[in-house]
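Here the structure is laid out as structure tokens; the discussion comes afterwards.
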Amino acid sequence: MSEAEGYGIMAVEDLKAGELILQVPLSICVHIESLHLSVLHDIVKAEPHLMAFDSKDELLALLLMAERRAGSQSFWWPYLSLMPREYDTPLYWEEEERKYLAGTNVGLLTSMMEQRILRDWHEIHAKLVLKYPSVLGGLTVEDYRWALSTIWSRAVGVERGDSHSYLRCLAPALDMCNHSPAAASCLEDLIKYDAQMDALRLQQISPVSRGQECYLFYGPYSNAKLLYSYGFMAAQNPFRGVDFWVKVPSDFPLAEWKQEQLLAHDLTKEQPYDFRGTLLGNGVSVALMATIRLIHLAPEEFEDVEKVFHGEVVSLRNEEASLRGLVRLLQEKVQTFTPVEEDLGALAKLERVMTSTPIFGDEDAQIRRLGVPREKQAQEAECSADEEDRIRFERQKATLRRNFIRRAYAYKVVVEDKLIFQETLACLSHRLQELVCGGS
Numbered sequence: 001m002s003e004a005e006g007y008g009i010m011a012v013e014d015l016k017a018g019e020l021i022l023q024v025p026l027s028i029c030v031h032i033e034s035l036h037l038s039v040l041h042d043i044v045k046a047e048p049h050l051m052a053f054d055s056k057d058e059l060l061a062l063l064l065m066a067e068r069r070a071g072s073q074s075f076w077w078p079y080l081s082l083m084p085r086e087y088d089t090p091l092y093w094e095e096e097e098r099k100y101l102a103g104t105n106v107g108l109l110t111s112m113m114e115q116r117i118l119r120d121w122h123e124i125h126a127k128l129v130l131k132y133p134s135v136l137g138g139l140t141v142e143d144y145r146w147a148l149s150t151i152w153s154r155a156v157g158v159e160r161g162d163s164h165s166y167l168r169c170l171a172p173a174l175d176m177c178n179h180s181p182a183a184a185s186c187l188e189d190l191i192k193y194d195a196q197m198d199a200l201r202l203q204q205i206s207p208v209s210r211g212q213e214c215y216l217f218y219g220p221y222s223n224a225k226l227l228y229s230y231g232f233m234a235a236q237n238p239f240r241g242v243d244f245w246v247k248v249p250s251d252f253p254l255a256e257w258k259q260e261q262l263l264a265h266d267l268t269k270e271q272p273y274d275f276r277g278t279l280l281g282n283g284v285s286v287a288l289m290a291t292i293r294l295i296h297l298a299p300e301e302f303e304d305v306e307k308v309f310h311g312e313v314v315s316l317r318n319e320e321a322s323l324r325g326l327v328r329l330l331q332e333k334v335q336t337f338t339p340v341e342e343d344l345g346a347l348a349k350l351e352r353v354m355t356s357t358p359i360f361g362d363e364d365a366q367i368r369r370l371g372v373p374r375e376k377q378a379q380e381a382e383c384s385a386d387e388e389d390r391i392r393f394e395r396q397k398a399t400l401r402r403n404f405i406r407r408a409y410a411y412k413v414v415v416e417d418k419l420i421f422q423e424t425l426a427c428l429s430h431r432l433q434e435l436v437c438g439g440s
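Shown next as structure tokens:
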């Protein structure tokens, strides 16, 4: 496996399409229905409200924290002991590293999630830690950050049986599979629940040759989503998009009524920043177009409001006003951007540093490139004979390399966001021109 990918699952023999690769009994997976095996069991019995969390991730996170704290006393310790102590998602980036994500939804959502983690820790989990010190004592908000990050980056969801009951779980070995956008069209094509065996089964939908990697498909995720949730980016990713929403201006005719209409329909009642994308480069999402059409609806067009939510053109006047309004908003946004060429130049410089001299090759040349003062280089050279100093030096290099990789990822997200804005603007401007020319 490459350094970026870490662990993975390789085929030791040729595999046919549909052939079983891995089977994981649900009985050894970590999920909220396995509480009877957990050190948390008595606490959940004493605190039944824990089962009523809006998000089951909260209870699963508590379970993970308690089990990791229990160490070798935990039923899942052989599995948990192999998990990373921290992740490469932006939640784990240093403040200086996060600055490179400024202006992106990745940066925005990371800051929002940081605040939510602190809030939920103090409102929910910190109280339980104080109340049950024998099971939860010593846990901190960092343990909570780790537990949530583990769930978001490693858990899979499965539907079981005829009831289609949904269960979110962490499956040993299965979570070692890396992501490929080309592996499948949905995760369910690869991972299926076997009711008779009460197990998760991983099978490839296409042949895999001996020595090749067996990939999963985490979802139709953009690189921004992959970085935010998993801490990496895909080299060739066909999925791209930026979340961009428009509010009803308060000075527009019947603004309050229009806002009520948006909230009353499933298509537009939420304006999520979930990386699914409303700006797609070659157009915009149905939900964003419906929103902008409703905003520009004239009083005489109110009786046709349902057309908005069916993705239909209300009128030529409304369509032109909607496109003009959206084009203007995108132009205002694009005008705030620094040139993409500057970001690409900075990215190219970073990549030259990382690739022209291997991090484990010519140490002096690499450290010079990384900007370490000459006196520091000499000091490290003098200490190189000492094992402790050598290890410390290797850690410093690893930290520098990690910092460079994170900065490179940030530049890539910034560039992709800007390009999507610009491409979407060009696409909508072209549609507007065609509409105006066709109607004249």
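Here the sequence shown is numbered in the UniProt record's numbering, starting from 1 and rising by one per residue.
By construction, the Cβ of each residue, glycine as well, lies at the ideal position given by its N, Cα and C atoms.
For residue i, the first and last residue of its enclosing alpha helix (DSSP H)
| i | result |
| --- | --- |
| V331 | According to the sequence as given, residue 331 is Gln; it is not Val. Residues L316 to V334. |
| A199 | Segment A199 to Q203 is the beta strand (DSSP E) holding A199; no alpha helix (DSSP H) there. |
| V286 | V286 to I295 |
Where residue i sits in the DSSP three-state scheme
| i | result |
| --- | --- |
| V30 | strand |
| P253 | coil |
| H430 | helix |
| H36 | helix |
| E351 | helix |
| I367 | In this predicted model, I367 has a pLDDT of only 43, less than 50, meaning its place in the structure is not dependable; the value taken from the coordinates is given anyway. Note: I367 maps to helix in three-state DSSP. |
| residue 484 | Missing from the structure shown is residue 484; the chain here goes from 1 to 440 and no further. |
| P238 | coil |
| V246 | coil |
| D194 | strand |
| Q212 | coil |
| Q271 | coil |
| P220 | coil |
| L435 | helix |
| residue 453 | What is shown of the chain runs 1 to 440, which leaves residue 453 out entirely. |
| V305 | helix |
| L280 | coil |
| L148 | helix |
| L139 | coil |
| G361 | Caution applies to G361, whose pLDDT of 46 falls short of 50 and renders its modelled position unreliable; the value that the coordinates give is listed next. Three-state result, G361: coil. |
| F337 | coil |
| S229 | helix |
Neighbourhood of residue i by C-beta, 6 Å cutoff - its chain only, sequence neighbours within 5 removed
| i | result |
| --- | --- |
| Y230 | S153 |
| L187 | F217 |
| L263 | K269 |
| Q271 | W245 |
| D88 | G231 |
| K225 | F275 |
| N237 | P181 and N223 |
Close Cβ partners of residue i (< 8 Å) along its chain, the five nearest in sequence each way excluded
| i | result |
| --- | --- |
| L267 | V286, A287, A290 and F309 |
| P207 | D14, L15, K16 and A17 |
| V327 | L425, L428, S429 and L432 |
| L128 | I43, E47, L62 and L136 |
| G281 | R240, G241, L419, I420, E423, T424 and C427 |
| E394 | none |
Residue i, enclosing beta strand (DSSP E) - first and last residue
| i | result |
| --- | --- |
| I9 | From DSSP, I9 is part of no beta strand (DSSP E); its letter is neither H nor E. |
| P25 | L20 to P25 |
Contacting residues, own chain, Cβ-Cβ under 7 Å from residue i (five flanking each side not counted)
| i | result |
| --- | --- |
| E363 | With a pLDDT of 45 at E363, under the threshold of 50, the modelled position of that residue is not reliable, and no figure is offered here. |
| G71 | W77 |
| N403 | E97 |
| H41 | L35 |
| A422 | The question names Ala, but residue 422 in the sequence shown is Gln. Correct list, in chain order: V334. |
| V296 | Strictly speaking, residue 296 in this sequence is His, with Val absent from that position. N318, A321, S322 and G325, listed in sequence order. |
| M1 | A caution first: M1 carries a pLDDT of 46, below 50, which makes its placement in the model unreliable, though a value can still be read off. Counting only Cβ-Cβ distances below 7 Å, and skipping sequence neighbours, we find Y7 and G8. |
| W93 | R406 |
| H265 | F309 |
Below-8 Å beta-carbon distance, residue i vs any chain D residue
| i | result |
| --- | --- |
| R201 | Looking at the structure shown, chain D is missing, and only one protein chain is on hand. |
Alpha helix (DSSP H) segments (min. 4 residues) lying fully within the stretch 42–70:
56–70
At which residue ranges does the stretch 60–136 contain complete alpha helix (DSSP H) runs of 4 or more residues, listed in the order of the chain?
77–80, 95–98, 105–120, 126–131 and 133–136
Threshold first: 3 residues or longer. Then list the beta strand (DSSP E) segments lying entirely within the stretch 151–192, N to C.
156–160 and 165–169
Can we say the stretch 200–208 touches the stretch 60–74, given the rule of at least three CB pairs closer than 8 Å?
no
Counting pairs of Cβ atoms below 8 Å between the stretch 168–175 and the stretch 93–113, do you hit three or more?
no
Within the chosen definition, does the stretch 271–278 reach the stretch 294–306 through at least 3 CB pairs nearer than 8 Å?
no
Decide yes or no for the touch test of the stretch 113–132 against the stretch 423–439: beta carbon pairs closer than 8 Å, at least 3 of them.
no
The stretch 25–43 / the stretch 108–122 touching (three or more Cβ pairs under 8 Å)
no
Does the stretch 339–350 come close enough to the stretch 410–418 to have 3 or more Cβ pairs within less than 8 Å?
yes
Contact between the stretch 137–156 and the stretch 79–90: three or more CB pairs below 8 Å?
yes
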